[in-house]
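Each remark here refers to the structure printed beneath this line.
There are 4 protein chains.
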Amino acid sequence: MKDISDSDLRTNIPLASARPDGRCTPVRVGNVEVGGNAVVVIAGPCAVENDIQVLDIARAVKAAGAAMLRGGAFKPLTFPYRNERMYELGEVGLQYLRAAGDATGLPIVTEVVDVRLVDMVGRYADVVQVGARNMQNVPLLEEVGRVGKPVLLKRHFGASLRDWLGAAEYILHRGNERVILCERGIVAPHTHAPTSRFIVDIQAIPAVREYSHLPVLVDPSHSTFRRRYVAPIARAAIAAGADGLILDVHPDPERAAVDPLQALDYAAFGELMRELRGISSVMGRKL
Amino acid sequence: MKDISDSDLRTNIPLASARPDGRCTPVRVGNVEVGGNAVVVIAGPCAVENDIQVLDIARAVKAAGAAMLRGGAFKPLTFPYRNERMYELGEVGLQYLRAAGDATGLPIVTEVVDVRLVDMVGRYADVVQVGARNMQNVPLLEEVGRVGKPVLLKRHFGASLRDWLGAAEYILHRGNERVILCERGIVAPHTHAPTSRFIVDIQAIPAVREYSHLPVLVDPSHSTFRRRYVAPIARAAIAAGADGLILDVHPDPERAAVDPLQALDYAAFGELMRELRGISSVMGRKL
Amino acid sequence: MKDISDSDLRTNIPLASARPDGRCTPVRVGNVEVGGNAVVVIAGPCAVENDIQVLDIARAVKAAGAAMLRGGAFKPLTFPYRNERMYELGEVGLQYLRAAGDATGLPIVTEVVDVRLVDMVGRYADVVQVGARNMQNVPLLEEVGRVGKPVLLKRHFGASLRDWLGAAEYILHRGNERVILCERGIVAPHTHAPTSRFIVDIQAIPAVREYSHLPVLVDPSHSTFRRRYVAPIARAAIAAGADGLILDVHPDPERAAVDPLQALDYAAFGELMRELRGISSVMGRKL
Amino acid sequence: MKDISDSDLRTNIPLASARPDGRCTPVRVGNVEVGGNAVVVIAGPCAVENDIQVLDIARAVKAAGAAMLRGGAFKPLTFPYRNERMYELGEVGLQYLRAAGDATGLPIVTEVVDVRLVDMVGRYADVVQVGARNMQNVPLLEEVGRVGKPVLLKRHFGASLRDWLGAAEYILHRGNERVILCERGIVAPHTHAPTSRFIVDIQAIPAVREYSHLPVLVDPSHSTFRRRYVAPIARAAIAAGADGLILDVHPDPERAAVDPLQALDYAAFGELMRELRGISSVMGRKL
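Chains as they are written, first to last, in the numbering used here: chain X, 14 to 300; chain E, 14 to 300; chain C, 14 to 300; chain S, 14 to 300.
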């Protein structure tokens, strides 16, 4: 029943495995610290739709207390024909996101899906995200290991903790010490409600703490795919000890270009932030 | 992807399904209300070992704020030879548990595993528990449907929400309106740490809220099997909106007769209760 | 990753675990041997609907080569209101099944779901079936351990091999040496087609061979829930080394009282039996 | 419960979805046809170790009836430090594999893991394999969609059939009509034996037949990770209707550079081929 053996810890994940003192090594992004005392909330649109939208969202999430801005310019979709692909703005999207980050002072987080675009994405992003579907794309892990920017590494929905820390080790092994883990749901025996394909593995949070010194976030939006589950899972994640969250926020979620079922509107995000502040305080942390 | 269809809700689970106003129907146990404003913590030993032990634990958990006392006198074990079977005290165990409940004023919760013993267990217990392994033992569901005591119905680790609410419907259908649901982990693709076989399905909490008016608890002890995961999962459950918890507590967990790896000692339980009180307050609830 | 440890084998499942010579211990039912050289096919209706139906089916499956007759008189259903409950004929159903067995010389297999009815069912049945949902109903396992008839023990869809062999051990431990295992699908991350909830665990067949001396069958009907998957899974099971199958057969499947989507009609059953005979021959076995 | 909707079939997977006549479209590789009447066995070493080894294996598997030769020159491993990486021979490995293919007349199948190497791998390979971990690496799918060689697309162990056919659609959409699907096991709730992490989803074979016109193979070696399970699963796959297999074969499996627990030696492979020939014949197919 043991997923990670002592031999794995010593031999296979020496850089990612827990330190003797059991503490987390915070990752610094600008003047934000992920994995330190403060809980970090990263928020923004699933997809960058245009320059006005992303700036508006950046201002709103900053006002509510978010520490970083997220937004997708490249997305790995299940099918090749989706209209959403219109909203793969690519480098233009990165420019809009960068401008919104600069205007608000929020560091920006965005996904890279192509090994040939790592340098380009790295020029815009403050944190480069490796998505769940690319968690074991080894050339991509090696390239983001060289890029000089912190990496947010999402867990594949079929991956064990061992697989996940092994992927982190590839990045660390290339000399990039700034790896942030992000749980975003695992495939589960039975879905229990419409459109919810994944189960957030809350136990992964204490498990990462036990086996690794890397900070760990949770993505309640892409895991649950449903707005009404986002706040409960977000609160649960912080209560279980996660170092933060990455959340989809949109001014008019039902008109969001991508994944319209999961984004929070500004009011819901504000209300959630108030609850998270309370829970963080119970945990002896700030937000 | 839809586990519960509208047709299921109308046709198959008319009594368990959500009310038009979306509210929970609290279940009254003595002067405790499960599913009302107050979060309810049920605590006690996995197995009733002797009269002194269970009384000592009852006093300790009451002092820390528990609202009910749990304790096993009958247990369905994986193998027939375990030493633990020495601690299946049966009716004597129920007498000890009853005495401890009476001495402290805590209602008692205990499991029934045999359809022929429902009346006997019902004479001692304030809440009769149906364990995960018997979730679809139909004759047992029908008997506890007649017993006149509230029923705590655990979810089988392989059961969908549809299966679980169907089981609740059997009890309601026999005229027993007082059913309390309890999530205790589901089988998961990969275990991520030694001895943890189940993943607590935190999304089940908002999902039960959406589809049913029954209160829902979480058991962080039997789901995780590991002490260090109990507090994080307990906090996450309350943060996600659960109506309470059922927890293993033992004065000397490593010497517990059954499941020594999962019980909290008094100090850890007291510390957890303080955290839960804070989280409940954030949620606008009492504890 | 080891589900069954050497310590389990020695301490917890001494009676069910593999013999030093690695061979299967056949279970005798009348003049049929399960787990011997011959592959054994058990066939019949999901539910006994009436005396004429079951006799007609018995004759048809015997003519096609079935060695035993199956039929349900008691069924654990997901919800309490289903019309199918009209077809829980109970003891009358057992009488019809017995008569059909006597008329054709086929031993009969039927499920018992209530510990209070084990003796009654045992008076009619040649093989008493414990269904998946009752796999860890300990009092039921203990009663069928005393009943003097062979027991067909289905695997719960959430159970590991360790849980399953532990359940078999309860029966063996009560003195009943004739236990036949039956794989019927496990909960899986993603269903891949309408109405198919379970994945048949074909690897369980060589795994049972490795860890246990008990014969093992597969139920392709209740696992897949879909007619078009039944023949492929049936052939796969025999090719993987299973000792036989238990199959739903009905003269007019779409009008079957229970589970109309999964039964084979006579022609499809006859064609499948021809294929199974060929595969058995490749495996050095008879059918 | 429906994984693939009619809307998906029409809108999202028009090229991969089943034809009106329900038939498979064979994929031609040299003078081998995958998905035609003949069952196709692809065999060879997990990793190409040297020129002599791969030629020796090529001769042995051809003599036993294999139609193509497999061998890895690039492998995505879980951890970055494994000794196995010594056996990532890269382009030299491809040259050895090509030479062995040319000497025996067997088309060669090999994996590409880096989008920047697709053209290079495509110059050597007759079939380009996309491994499970890269099943949703979109840039890689798009590149192999342009490469002019047939593609063997393995299913990710966490992927639904919908995800898998969506990945195939990316390749087809780029103009490459020759896509061969390959099932290689899915994450499962409980492993039932040491080192077996995945459950082969045998039902995926009839499910692919129902929803797609693409041929489908099974990999019993990388799914089960254990030699003793390979032959049972291989036989089951063919009995369930798979168009062929891809198998690890090594002259001295315990000394194989990579995955020593799963390869068959020549004698075991020969014996399995005899059994598969018999089962293919029962299915009305040749081998």
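We put the beta carbon where it would ideally sit given N, CA and C, even for glycine.
Source: prediction; values computed, not measured.
- ARG23(X) counts as exposed, since fewer than 16 other C-beta atoms from the protein chains shown sit within 10 angstroms of its C-beta.
- Residues of the segment 235 to 257 of chain S with a Cβ closer than 8 Å to any Cβ of chain E: none.
- When DSSP assignments are scanned along the segment 132 to 211 of chain S, the uninterrupted stretches of alpha helix (DSSP H) that are 4 or more residues long and fall wholly within it turn out to be 151 to 157, 174 to 186.
- In the same chain as SER236(E), and ignoring 5 residues on each side of it, the C-beta atoms closer than 6 Å to its own belong to ARG197, GLY198, PHE211, VAL213, in chain order.
- For LEU68(X), the uninterrupted alpha helix (DSSP H) segment begins and ends at 64 to 77.
- By the criterion of at least three beta-carbon pairs nearer than 8 Å, the segment 132 to 150 of chain C is in contact with the segment 159 to 174 of chain C.
- According to the DSSP secondary-structure assignment, VAL122(C) is paired through a beta bridge with ARG83(C), VAL140(C).
- Taking a C-beta distance under 8 Å as the contact criterion, ASP256(S) and VAL295(S) do not qualify as a contact pair.
- Its chain contains HIS226 as the residues whose beta carbon lies nearer than 7 Å to that of ARG36(X), once the 5 sequence neighbours on both sides are disregarded; these appear in chain order.
- Residue environment: ASN189(S) is assigned as buried (16 or more neighbouring CB atoms within 10 Å of its CB, all protein chains considered).
- Of all residues in the segment 274 to 294 of chain E, those with a C-beta nearer than 8 Å to a C-beta of chain X are GLU288, GLY291, ILE292, SER294, reading in chain order.
- Beta-bridge annotation (DSSP): GLY257(X) is paired with VAL53(X), LEU230(X).
- In the DSSP assignment, ARG241(E) falls outside any beta strand (DSSP E) and lies within the alpha helix (DSSP H) extending over 240 to 252.
- GLU104(C) has its alpha-carbon roughly 16 Å from the corresponding atom of PRO58(C).
- Against chain E, a Cβ distance below 7 Å from GLU182(C) picks out PHE92, PRO93.
- Annotation: Cβ neighbours of PRO202(E) in chain S (cutoff 8 Å, chain order): GLY171, VAL200, ALA201, PRO202.
- For the options ASP21(E), THR38(E), SER30(E), VAL271(E), the alpha carbon positioned closest to that of ASN50(E) is the one of THR38(E).
- Excluding the 5 residues flanking it on each side, ARG111(C) has same chain C-beta neighbours closer than 7 Å at ILE121, TYR137, in chain order.
- The beta carbon of ASP214(X) sits closer than 8 Å to some beta carbon of chain E.
- The count of Cβ pairs closer than 8 Å, one atom from the segment 172 to 187 of chain C and one from the segment 84 to 93 of chain E, reaches three, so the stretches are in contact.
- The alpha carbon of PRO27(C) has as its nearest neighbour, out of PHE238(C), ALA276(C), ARG175(C), ASP232(C), the alpha carbon of ARG175(C).
- Residue pairing of GLU46(S) in beta bridges, as defined by DSSP: ARG41(S).
- Around the beta carbon of LYS162(C), a 10 Å sphere encloses 16 or more other beta carbons of the protein chains shown; the residue is thus reported as buried.
- The C-alpha of ALA116(S) lies about 8 Å from the C-alpha of LEU68(S).
- Contact with chain C is absent for ASN50(E), since none of that chain's Cβ atoms lies less than 8 Å from the residue's Cβ.
- The three-state secondary structure of ALA217(C), taken from DSSP, is helix.
- DSSP places LEU285(E) in the helix class (H, G or I) of the three-state scheme.
- Put simply, of ASP34(X), LYS299(X), VAL53(X) the residue whose alpha carbon is nearest the alpha carbon of ARG41(X) is VAL53(X).
- The beta-bridge partner set that DSSP reports for LYS299(C) consists of ALA51(C).
- Straight-line spacing of the CA atoms in ASP139(S) and ARG83(S) works out to 10 Å.
- Chain X places a beta carbon closer than 8 Å to that of GLU223(E), counting this residue as a contact.
- Of all alpha-carbon atoms in ASP34(C), ALA253(C), ILE246(C), SER20(C), the one lying nearest the alpha-carbon of ALA244(S) is that of ALA253(C).
- Across the segment 21 to 39 of chain S, CB contacts with chain X closer than 9 Å involve ASP21, THR24, ASN25, ILE26, PRO27, in sequence order along the chain.
- Identification of chain S residues near ILE218(C) by a Cβ-Cβ cut-off of 7 Å yields PRO245, ordered along the chain.
- In the displayed model, ALA60(X) falls within a strand according to three-state DSSP.
- Neighbours of GLN149(S) across chain X, judged by C-beta separation under 7 Å: PRO89, ARG146.
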